[in-house]
Amino acid sequence: MLYSEKVLDHFTNPRNVGEIADADGVGEVGNAKCGDIMRMYLKIEGDVITDVKFKTFGCGAAIATSSMATELIKGSTISEALQLSNKAVVEALDGLPTSKIHCSVLAEQAIKSALSDYYTRQGIDPEPIVGCIADCEACHEH
Ligand code: FES
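Everything in the sequence shown is counted per numbering that gives the first Met the number 0, starting at 0 for the first residue and increasing by one.
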């Protein structure tokens, strides 16, 4: 079996799909390898992510990883969300085929991009907090 049951579940029944009209942060990232796009909406109160929604023009693995990632960060603090790696999301899904690992990067980056937007809207420089969100090979080689 190529995909785990959890991947198939999150692909066929993705959680948190949609938009948040009055989001506190919106992030959009593209996957350099396939051209797929992911948009992430965050609602933030204090330092807690109270709601999250995503929209993607992406493959099944991108949908499943985003669905799982949104489940993992909903209700967590900003710093917990920033620590969520694509590896942790893949593990939570019981793995992905190697050729699909790059798809999971999209969700992680979209969360970081949305948090950057959140800080930027408040006049805070996001880079020292959120770090680099560019999809460069060097960042994902380890
Ligand atoms: Fe593009 Fe998976 S092939 S995100």
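Glycine included, every Cβ here is placed at the ideal spot set by N, Cα and C.
As the structure is a computational prediction, the values presented were derived from the model and not from experiment.
- At a threshold of 7 angstroms, residue 61 counts as near ligand 1, since its beta carbon sits closer than that to one of the ligand's heavy atoms.
- At least one heavy atom of ligand 1 lies less than 7 angstroms from the C-beta of residue 105.
- With a threshold of 16 other beta carbon atoms within 10 Å, residue 56 falls short and is exposed.
- Counting only residues of its own chain and dropping the five nearest sequence neighbours on each side, residue 128 has a CB closer than 7 angstroms to the CB of 118.
- In the DSSP assignment, residue 55 falls within the unbroken beta strand (DSSP E) covering 47 to 56.
- Check the Cα spacing between residue 22 and each of 4, 14 and 41: the tightest is with 41.
- Taking 7 angstroms as the cut-off, the C-beta of residue 15 does not count as close to any heavy atom of ligand 1.
- Close CB contacts of residue 32 within its chain, under the 6 angstroms cut and outside five residues either way in sequence, are with 101 (chain order).
- Of the candidates 43, 5 and 61, the residue whose Cα lies closest to the Cα of residue 98 is 61.
- Counting other Cβ atoms within 10 Å of its Cβ, residue 122 stays below 16 and is therefore classed as exposed.
- One Cα belongs to residue 63, the other to residue 77, and the distance between them is close to 22 angstroms.
- Sequence-distant partners of residue 1 (beyond 5 residues in either direction) whose C-beta falls short of 6 angstroms from its own C-beta, in its chain, are 96.
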